[in-house]
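Residue numbers (the working numbering): 19 to 416.
So this is what it looks like as C-alpha cells:
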C-alpha cells in the first residue's frame with residue numbers, strides 16, 4: 019500500500035489502517051501509515067469439537083517455531099467444566115498452523131491457564147498449568163466450599179513442542195496451605211539473564227487467601243526454579259487487589275511485574291518491582307497510561323540495550339476502562355516509564371492476549387477477538403517495528 023502521512027493535531031487522535039490498526043501518538047506527530055504484516059485465525063470457537071477457545075499463550079522457540087496454546091472449552095464459554103489444554107505449531111512465523119494437539123485432557127475436569135517458559139540452557143519448554151474439578155467453580159474454591167481445590171501441574175517438551183510429557187502435579191511445593199484459588203499466568207514465564215539469579219526460571223501466578231471476605235481479594239506471586247525446572251517453589255507475594263500478571267527483567271537485573279488491577283479507584287495496570295529475583299516485591303504503584311477494564315494483559319521484552327539496539331519493552335491489552343475491546347499494542351524505550359508508540363490491532367471486542375518476538379524480528383500477538391463478543395476466535399497478528407512505531411523504526415531483526 020502507499021504510505022500516507024497524517025499529522026495529528028489533537029492530544030490523542032487515532033489513524034486507521036486498512037487492517038484496522040490505529041496509532042495513538044502525541045500532538046503534532048506525523049505518522050506514516052504502514053499495513054500489518056499478516057493476520058490468521060488460529061482457533062475459531064465452535065470448530066473441531068469445542069464450544070469456545072480461550073486463554074491464549076504463545077512462545078517462539080530457539081528453532082523459530084511458534085507455539086500457540088489455549089483452553090479448549092467443550093460445552094460452554096464458562097471458566098469451568100470440561101476444558102482441555104491445546105497447542106498448535108507454526109514453522110513459518112505464524113502464517114500457517116498445524117492441527118490442534120491435546121496437551122492435557124482430564125475427562126470432565128478443567129485443565130488450563132497455560133504459561134510456558136523456555137530454558138535457554140537446556141532447550142526444554144516447561145508448561146505450567148492449573149487444574150480443578152469440572153463441577154467446581156472459582157467462587158466455591160475461594161470460599162473453601164468446593165469438592166476439591168485448585169491444583170498446579172507442569173509438563174515439558176524436549177523436542178521443540180512436538181510432544182509433551184505427562185503433567186506432573188507440583189501443588190505441594192508451589193501453593194501455600196492458606197491459598198485457595200490459584201492460576202498460572204496466563205501468558206509466559208521468563209528465564210533471568212543477569213545478576214546472582216541468572217538462569218532462574220520465573221513463572222507469574224496469582225492466588226486468593228483463605229478467609230478473605232473481599233470478592234476481589236486476589237494477590238499476585240511468582241514460582242521459581244533454580245535447577246532448570248526440576249523443582250519449583252513460591253517467590254514473593256504482591257497485594258492487594260492484583261491478579262493475573264506478567265513479568266519482565268529490567269536492564270539492571272530487577273524484575274517488573276505488570277498486574278491486572280481490581281482497585282477501581284485506579285482504572286489502569288498495577289506495577290511492582292523486585293530487586294532480588296522475585297523473592298520479595300516492593301509496594302504496588304500504577305501506570306496511568308496503561309488503562310484497563312480489569313483484564314489479563316501481555317508484557318514482554320523485545321530487545322536489550324547494547325550493540326546499537328534500543329531498550330524495548332512491549333505491552334498489549336484491551337485499552338479501555340469499561341468493556342473489553344480495542345486490543346492495543348504499545349512500545350516503551352525506558353522500561354515502562356513512558357509508552358510513546360501504540361497501535362490498535364482490533365477495534366471491536368477483545369480480551370486476553372500474549373506477545374512473542376518472532377525469529378525474523380517481527381512481533382506476534384495472539385489474542386481473543388470477535389464482532390459481537392471477544393471470545394469468537396483467537397487471532398495471531400504479525401507486525402513490524404516499522405508499523406508499530408509509525409515508520410520511526412525499521413524492522414531489523416531486533
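A virtual CB, placed ideally from N, CA and C, is assigned to each residue, including glycine.
Computed from a predicted structure; not experimentally measured.
Query	Result
Could you tell me whether the Cβ atoms of residue 246 and residue 237 are closer together than 7 Å?	no
Would the beta-carbon of residue 289 fall within 7 Å of that of residue 300?	no
Using a 10 Å radius around the Cβ and a threshold of 16 neighbouring Cβ atoms, would you call residue 398 buried or exposed?	buried
If you scan the region 187-250 from start to end, which runs of the beta strand (DSSP E) of 3 or more residues do you find wholly inside it?	197-202, 219-227 and 236-243
Grab the span of the alpha helix (DSSP H) containing residue 158 for me, first residue to last.	156-161
Answer yes or no: does any C-beta atom of chain C fall closer than 7 Å to that of residue 380?	No chain C appears in the structure shown, which is made up of a single protein chain.
Just tell me which of 345, 204, 305 and 161 has its CA closest to the CA of residue 129.	204
Can you have a look at residue 170 and say buried or exposed, based on whether 16 or more other CB atoms are within 10 angstroms of its CB?	buried
Secondary structure at residue 419, three-state DSSP: helix, strand or coil?	With the chain covering only 19 through 416, there is no way to say anything about residue 419.
Please list, in chain order, all residues of the same chain as residue 44 whose beta carbon is under 7 Å from its beta carbon, the five residues on each side excluded.	With a pLDDT of only 35 at residue 44, under 50, the local geometry of the prediction cannot be trusted, and no value is derived from it.
Taking C-beta to C-beta, are residue 321 and residue 383 nearer than 7 Å?	no
Where does residue 182 sit, in a helix, a strand or coil, going by DSSP?	coil
State the start and end residues of the unbroken beta strand (DSSP E) segment that holds residue 404.	No beta strand (DSSP E) holds residue 404; the alpha helix (DSSP H) holding it covers 403-406.
Look at residue 281 and residue 248 and say whether their C-beta atoms are less than 7 Å apart.	no
How about residue 240 and residue 326: are their beta carbons less than 7 Å apart?	no
Please report the distance separating the alpha-carbon of residue 328 from that of residue 372.	22 Å
Could you tell me whether the region 209-225 touches the region 174-188, where touching means 3 or more Cβ pairs closer than 8 Å?	no
Is residue 412 buried or exposed, if buried means 16 or more other CB atoms sit within 10 Å of its CB?	exposed
By alpha-carbon positions, which one of 363, 199 and 395 ends up nearest to residue 347?	363
Let's test the definition: count the other Cβ atoms within 10 Å of the Cβ of residue 264 and tell me whether it reaches 16, buried, or not, exposed.	buried
Report yes or no: do the region 57-69 and the region 385-397 share at least 3 C-beta pairs separated by less than 8 Å?	yes
Give the straight-line distance between the Cα atoms of residue 192 and residue 343, rounded to the nearest whole angstrom.	34 Å
Go through its chain and collect everything with a Cβ distance to residue 46's Cβ below 6 Å, but skip five positions before and after it.	With a pLDDT of 30 at residue 46, under the threshold of 50, the modelled position of this residue cannot be trusted; read the value that follows with caution. Closer than 6 Å at the Cβ level, and outside the excluded window around residue 46, lies no residue.
Which of the three DSSP states is assigned to residue 389 in this structure?	coil
Identify which residue in 176, 168 and 120 has its Cα closest to the Cα of residue 200.	168
Kindly list the residues whose CB is nearer than 6 Å to the CB of residue 400, restricted to its own chain and excluding five residues on each side of it in sequence; keep chain order.	55, 56, 112, 380 and 382
Which of the three DSSP states is assigned to residue 353 in this structure?	coil
Which same chain residues, not among the five before or five after residue 213, have their C-beta less than 6 Å away from its C-beta?	271
Tell me whether residue 127 sits in a helix, a strand or coil according to DSSP, three-state version.	coil
Any idea what DSSP makes of residue 105, helix, strand or coil?	strand
The beta strand (DSSP E) with residue 89 in it runs from where to where?	84-91
Classify residue 165 as buried or exposed, calling it buried when 16 or more other Cβ atoms lie within 10 Å of its own Cβ.	exposed
How long is the line joining the alpha carbons of residue 173 and residue 242, rounded to whole angstroms?	15 Å
Mapping the DSSP letters down to three states, classify residue 145 as helix, strand or coil.	strand
With distance defined between alpha-carbon atoms, name the residue in 374, 319 and 309 nearest to residue 350.	319
Which residues mark the beginning and the end of the beta strand (DSSP E) in which residue 304 is found?	303-309
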